[in-house]
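I have placed the structure first, in the form of structure tokens, so that the comments after it can refer back to it.
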Ligand SMILES: *Cc1c(COP(=O)(O)O)cnc(C)c1O
């Protein structure tokens, strides 16, 4: 039995997406740039896919650039804007971004750019006053702030952030990976300049990403070579994956409203059940502004890694911190930035759901997680009376 509660790390590919891709893995293998009709037909399929993605974001097809993943989209946006404007560009980001944003920002800092990482409060929200302060007196600043946090599901007020960026003439990039297929994304309503998404976070395969580039947004392309993607991302189009991604966008657009209600119901039942059955448990993130599929809990006095390991034996897939940080036992940078109390930082785990989960999955977790927590706590040398300074 597998109960998959790790959809913020990657998702099951939708069967409809596989079906849409298959013809392009078999007979329709032409190169969209070819002179002949065999390739030209495939170019039309790519154009249709681009229109589908544009409908998903409410932008024009020319504003959609296909990339290999969201890590590439984030890097292209951040490094590309900085390269366009040069050293004078101040970069403002947040302490809770994904490493695909944090690391390029830190590289820019090492290269001499002024880079500010805004801190967050206890629920993972930035202070918009601090953002304004950071942008005062800047010219051509770059702001990169995520739409929703992958670890806690906390939603940033992107519409207000976009407004502030407009006011200061800053370029605004948002990592929107975790909102794709979960809430409507409309780049006319939320006027971002650049936006990143990843296919495998919403039921397309791994290895395909989106970079939305508002008409007129200035950046230097990262991948140089051919003329593909109107010169903004060289490399022969990954046609099967582009077609699959478009199908995932269509499924999300049509199913999102009904699915999110169902997912919220499952997540809320899981949250309430675990909180009732496990004392000394905290919810991490902003419960008033949070993705419907994400539940991040800190079980005090025990290690998240031990929880995930024992649940894995029972077929329950969850994660601690970000997948990218696993392999090290350092607590998540997101949970630490939120100032979660010392005894709870190490016991943070994330449950993330998708349209393919069922109430039976939730009930299985409610039956199996609390005994694991209880057993680990019995083995733990830490408890309500232990000295927090020795809990490292
Ligand atoms: C998964 C994820 C990424 C990286 O996406 P890839 O397509 O795997 O490179 C970036 N940002 C966030 C918020 C993510 O959750």
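Numbering (the numbering used here), first residue to last: 3 to 394. Virtual Cβ for every residue (Gly too), placed ideally from N, Cα, C. In this text, all values refer to a predicted model and were calculated from it rather than measured experimentally.
Q. Should residue 23 and residue 243 be called a contact, given that it needs their Cβ atoms to be closer than 9 Å?
A. yes
Q) Residue range of the beta strand (DSSP E) that residue 212 falls in? A) 211-215
**Q.** Residue of 190, 76 and 33 minimising C-alpha distance to residue 164
**A.** 190
Q) Taking Cβ to Cβ, would you say residue 318 is nearer than 9 Å to residue 371? A) yes
Q. In three-state terms, what does DSSP make of residue 326?
A. Bear in mind that the predicted position of residue 326 carries a pLDDT of just 47, short of 50, making it too unreliable to give a figure here.
Q. Is it the case that the Cβ atoms of residue 15 and residue 202 are separated by a distance below 9 Å?
A. yes
Q | Nearest-angstrom Cα separation, counted from residue 7 out to residue 320 | A | 5 Å
Q) Which value, in whole angstroms, describes the spacing of the CA atoms of residue 276 and residue 363? A) 14 Å
Q. When the Cα atoms are used, what is the spatial distance from residue 230 to residue 352?
A. 39 Å
Q: Evaluate residue 398 with the Cβ neighbour count: other Cβ atoms within 10 Å of its Cβ, from every protein chain shown; 16 or more gives buried, anything less gives exposed.
A: Given a span of 3 to 394 for the chain in the structure shown, any question on residue 398 remains unanswerable.
Q. Using the beta-carbon count (16 or more within 10 Å), is residue 46 buried or exposed?
A. exposed
Q. For the candidate residues 139, 115, 99 and 104, whose alpha-carbon lies nearest to that of residue 149?
A. Looking from the CA of residue 149, the closest CA among 139, 115, 99 and 104 belongs to 99.
Q.
Count Cβ pairs between the stretch 149-159 and the stretch 171-186 that sit closer than 8 Å; are there 3 or more?
A. yes
Q: Work out the CA separation of residue 82 and residue 12 for me, nearest whole Å.
A: Distance between the alpha carbons of residue 12 and residue 82: 27 Å.
Q: Consult DSSP for residue 319 and reduce its assignment to one of helix, strand or coil.
A: strand
Q) Does any heavy atom of ligand 1 sit closer than 8 Å to the C-beta of residue 102? A) yes
**Q.** Alpha-carbon spacing of residue 218 relative to residue 194, whole angstroms
**A.** 12 Å
Q) For residue 255 versus residue 303, is the C-beta spacing smaller than 9 Å? A) No, the pair does not count as a contact, with Cβ atoms beyond the cut-off.
Q: Please say whether residue 287 and residue 95 have beta carbons closer to each other than 9 Å?
A: no
Q: Confirm the yes/no value for this check: CB of residue 376, any heavy atom of ligand 1, distance under 8 Å.
A: no
Q: Measure from the alpha carbon of residue 127 to the alpha carbon of each residue in 185, 289 and 117, then state which is nearest.
A: 289
Q: Taking the CB atoms as reference points, tell me whether residue 237 and residue 228 lie closer together than 9 Å.
A: yes
Q: Check whether the Cβ atoms of residue 26 and residue 44 lie closer than 9 Å to each other.
A: yes
Q: Just mark residue 106 as buried or exposed, buried being the case when its beta carbon has 16 or more other beta carbons within 10 Å.
A: Around the beta-carbon of residue 106, 16 or more other beta-carbon atoms lie within 10 Å, marking it buried.
Q. Opposite residue 92 in the DSSP bridges: which residues?
A. 116
**Q.** Separation of residue 176 from residue 120, as counted between CA atoms
**A.** Going by the C-alpha atoms only, they are around 15 Å apart.
Q.
Using the Cβ count rule (16 or more neighbours within 10 Å means buried), how would you classify residue 198?
A. buried
Q: Taking only the alpha-carbon atoms, compute the straight-line gap between residue 396 and residue 322 and give it to the nearest angstrom.
A: The shown model of the chain, from 3 to 394, leaves out residue 396, and the question about it has no answer.
(Q) Just checking residue 62 against ligand 1 - is the residue's beta carbon closer than 8 Å to any of the ligand's heavy atoms? (A) no
Q | Any non-hydrogen atom of ligand 1 within 8 Å of residue 346 CB | A | no
Q: Look at residue 355 and residue 283 and say whether their C-beta atoms are less than 9 Å apart.
A: no
Q | For residue 393, three-class secondary structure by DSSP | A | For residue 393, the pLDDT reaches just 48, beneath the cut-off of 50, and the residue's location in the model is therefore unreliable, leaving the point undetermined.
Q. In terms of alpha-carbon separation, which member of 124, 209, 132 and 173 lies closest to residue 154?
A. 124
Q) Tell me the DSSP bridge mates of residue 199? A) 212
Q: Please name the residue or residues paired with residue 353 in a DSSP beta bridge.
A: Note: residue 353 sits in a beta bridge opposite 297.
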